[in-house]
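These notes concern the structure reproduced below.
2 protein chains.
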Amino acid sequence: MNQKRPAIAEIIELLGKKWVMRIIWELRSGPLTFRELQAACGDISPTTLNSRLKLLKHSLLVENQDSQGYGLSPLGEELLEIYQPLKGWAIKWQKRL
Amino acid sequence: MNQKRPAIAEIIELLGKKWVMRIIWELRSGPLTFRELQAACGDISPTTLNSRLKLLKHSLLVENQDSQGYGLSPLGEELLEIYQPLKGWAIKWQKRL
DNA sequence: CGCTTGCGCTACATTATTTGTAGCGCTATC
DNA sequence: GATAGCGCTACAAATAATGTAGCGCAAGCG
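First to last, the sequence lines map onto chains H and A. Position one of the first sequence corresponds to residue 13 (my numbering), numbered consecutively onward. Position one of the second sequence corresponds to residue 13 (my numbering), numbered consecutively onward.
In structure tokens:
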């Protein structure tokens, strides 16, 4: 009852939404509160942040970590791992711009 | 004279724009013409497609491959490589949704 | 030549999404 | 019981994406 579209298309759509990757990235070194996250993202509006958090929780990438705020779920951590190589590549890429 | 922000933040912003990852993904097995790309993306509007192509060319990820249409640049290919593990992960992720 | 076909792409009005600001309701601490 | 900070919502304004029509051009054909 799940997939209408290939999984890769689904995740590409999700990650293509504004702020989604950024939020995951900002949670890389542990949970943050709503307002910390807001500040970390360079003052994303609370409306958008909340909407993205709902989406990310629903997608099982982020979860409430009781009293610590929002943190990455195990799946979220895995996704972040996959993104690691991006860090090195990005520097190289930026130099050529 | 380049970076005001960390490279990773810059690429996250770029890839977070709607359709950007999708376009790169659709070019994975070779260049496509404007209209082929439009169809591959499930009928993205030409306005948006053109705007993204401009952005991607400017970011050196996509380039005009003479008479073949649009294709990934070497940097674009590298980026796509980094995304490979996403494919397997996405399937696992989708099952848990 | 004059006609058609398909291309890359633009114009532009409509619709959807994001932003920014103010502030509510709640809890904890004094 | 007053203050401070939190997560979060309301809502109007700004920005971005969409859909449709079609232009200008180049190639192929009769």
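Just so it is clear, CB atoms sit at the ideal spot from N, CA and C, and this is done for glycine as well.
- With fewer than 16 other Cβ atoms from the protein chains shown falling within 10 Å of its own Cβ, R17 of chain H counts as exposed.
- Cβ atoms of M33 of chain A and I35 of chain H stay farther apart than 8 Å, at about 16 Å.
- Nearest in C-alpha terms to A21 of chain H, of all of A:L26, A:E38, A:A21, is A:E38.
- According to DSSP, N62 of chain H shares a beta bridge with no other residue.
- Annotation for P43 of chain H: Q77, Q80, G81, Y82, G83 place their beta carbon closer than 7 Å to its own, counting only its chain and skipping 5 residues before and after.
- When DSSP reads this structure, E90 of chain H sits in no beta bridge, so it has no partner.
- For A51 of chain H, not one C-beta of chain A is nearer than 8 Å to its own C-beta.
- Rounded to whole angstroms, F46 of chain H and T59 of chain A show a C-alpha spacing of 36 Å.
- Among the residues of chain H, those whose CB is under 9 Å from the CB of E90 of chain A are W101, K104, W105, following chain order.
- Residue range 46–52 is occupied by the alpha helix (DSSP H) that includes L49 of chain A, with no beta strand (DSSP E) assigned at that position.
- Contact note: R34 of chain H reaches chain A through A21, I24, E25, G28, using a C-beta cutoff of 9 Å and chain order.
- In this structure, G88 of chain A sits near L73 of chain A, with a CB-CB distance shorter than 8 Å.
- Between W101 of chain A and L49 of chain A, the alpha-carbon positions lie close to 25 Å from each other.
- For R108 of chain H, the neighbours in chain A by C-beta distance under 9 Å run, in chain order, L72, L87.
- At a cut-off of 8 Å between C-beta atoms, I94 of chain H counts as an interface residue with respect to chain A.
- For L26 of chain H, the enclosing alpha helix (DSSP H) has its first and last residue at 19–27.
- Taking 8 Å as the upper bound for CB-CB distance, K30 of chain H and G28 of chain A are in contact here, some 5 Å apart.
- Residue state for Q80 of chain A is assigned as coil, using DSSP reduced to three classes.
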